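Shown next, in structure tokens, is the structure this report addresses.
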Ligand code: SF4
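Residue numbers (the working numbering): 11 to 386.
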């Protein structure tokens, strides 16, 4: 959870997570949907997928115990050199280094590293020094866990004393060893070339409302956006196109949403949603339309069986067509056979769907529109 996310943001999620998945076995048995439910809002959903996959492997390959060596830790999904170093040293006391943003800054200043910190030669150099430090800690005066303590001390020093701006060199315990401080210009480090500006991308997004339902689909696992998460139908839109005139032609041409009897839908623009993710700046032009009840079945490929029936959440839209109404329904876990199939989802169920932050913003915008027009 702490990869790319601050502790203050993570705390509530972590507490809920530990209540729902108190041990590795419960996580290994959970469906992807159940994991997403607890993760929802934290973003970077690949972390949630990976931790579930890692839990399964820990149960299957390591008899339910987190491996206590660096090599096996690195073999688990979602665990890279940083996490493997942190778990090896802090949990198991092994002399394994770690580098996060804070430690990188401390070491760059300690060494006054002049080369671009993103270059692989710089990274190699930093890892080499991090290893030297942790190995010398292992040979130094004994404490309960000298290697874990050293790594945590470096991270904490970077977080609290050796800050990006105005580092507190006067109270720094390693001031006497610090080359950047001696050269009186610590803020110059780490040296880094400016990242290129984010690439702008634009999308047309379609919210099709029908009584109390809205049309959505589950993105395939291998799609570029929203892998395995629920989304409103959209397409990428070239900036050369004019937003207003392109709405209906796209809707007609778009596969798999070619609605023979829905061509008369009056789409109206209800606003834009902006969202930044890694190196992209996304703008969603959101269009809102209404379909009549009789047109529900005219969605090609739409099959109410695509919404079903594995755990305990009720789903009104699906239960309408079930032969056995006593059966408890929910959204199916990501499944290649049903992914990308349109499905009518009741508005009051949308909060329970795993969605990206951008799709959730679009849902809120559409919900405001429904409230404004007194339809819910
Ligand atoms: S002396 Fe200053 S620049 Fe050097 S590690 Fe300490 S806080 Fe950072």
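Built from N, CA and C at the ideal position, the CB exists for glycine as well.
Computed from a predicted model, the values in this text were never measured in an experiment.
With 7 Å as the limit, the residues whose C-beta approaches any heavy atom of the ligand SF4 more closely are 116, 119, 120, 167, 171, 172, 177, 178, 179, 182, 184, 185, 188, 190, 191, 196, in sequence along the chain. When the alpha-carbon of residue 100 is set against those of 80, 111, 366, 61, the nearest one is in 80. Per the C-alpha coordinates, the member of 137, 46, 361 positioned closest to residue 91 is 137. By a beta-carbon distance limit of 8 Å, residue 241 contacts residue 226. Their separation comes to about 7 Å. Distance from the CA atom of residue 65 to the CA atom of residue 46, rounded to whole angstroms, is 15 Å. Residue 179 holds the alpha-carbon nearest to the alpha-carbon of residue 191 among 200, 154, 179, 201. In the same chain as residue 74, and ignoring 5 residues on each side of it, the C-beta atoms closer than 7 Å to its own belong to 34, 35, 68, in chain order. Cβ-Cβ distances below 7 Å link residue 27 to 48 in the same chain, with the five nearest sequence neighbours on each side left out; the list follows chain order. CA-CA distance, residue 182 to residue 20, rounds to 28 Å. The alpha carbon of residue 43 has as its nearest neighbour, out of 356, 132, 58, the alpha carbon of 58. Taking the CA atoms as reference points, residue 169 sits about 14 Å from residue 160. When secondary structure is reduced to three states using DSSP, residue 287 falls in the strand class. In the structure shown, residue 133 adopts helical secondary structure according to DSSP, grouped into three states. Residue 223 counts as buried, since no fewer than 16 other beta carbons sit within 10 angstroms of its beta carbon.
Of the candidates 141, 14, 214, 177, the residue whose Cα lies closest to the Cα of residue 297 is 214. Leaving aside the five residues that flank residue 96 on each side, the residues in its chain whose CB is nearer than 6 Å to its CB run, in chain order, 108.
Within the segment 346-384, the complete beta strand (DSSP E) segments at least 3 residues long are 352-356, listed from N- to C-terminus.
Counting C-beta pairs with one atom in each stretch, the segment 289-296 and the segment 193-211 have three or more that are closer than 8 Å, which means they touch. For residue 245, the enclosing beta strand (DSSP E) starts and ends at 244-247. Shown here, residue 234 sits in coil according to DSSP, grouped into three states, outside any helix or strand. Looking at the backbone, the Cα of residue 187 and that of residue 151 are separated by about 19 Å. Counting only runs of 4 or more residues that sit fully inside the segment 133-198, the alpha helix (DSSP H) segments are 156-170, 189-192, in chain order.
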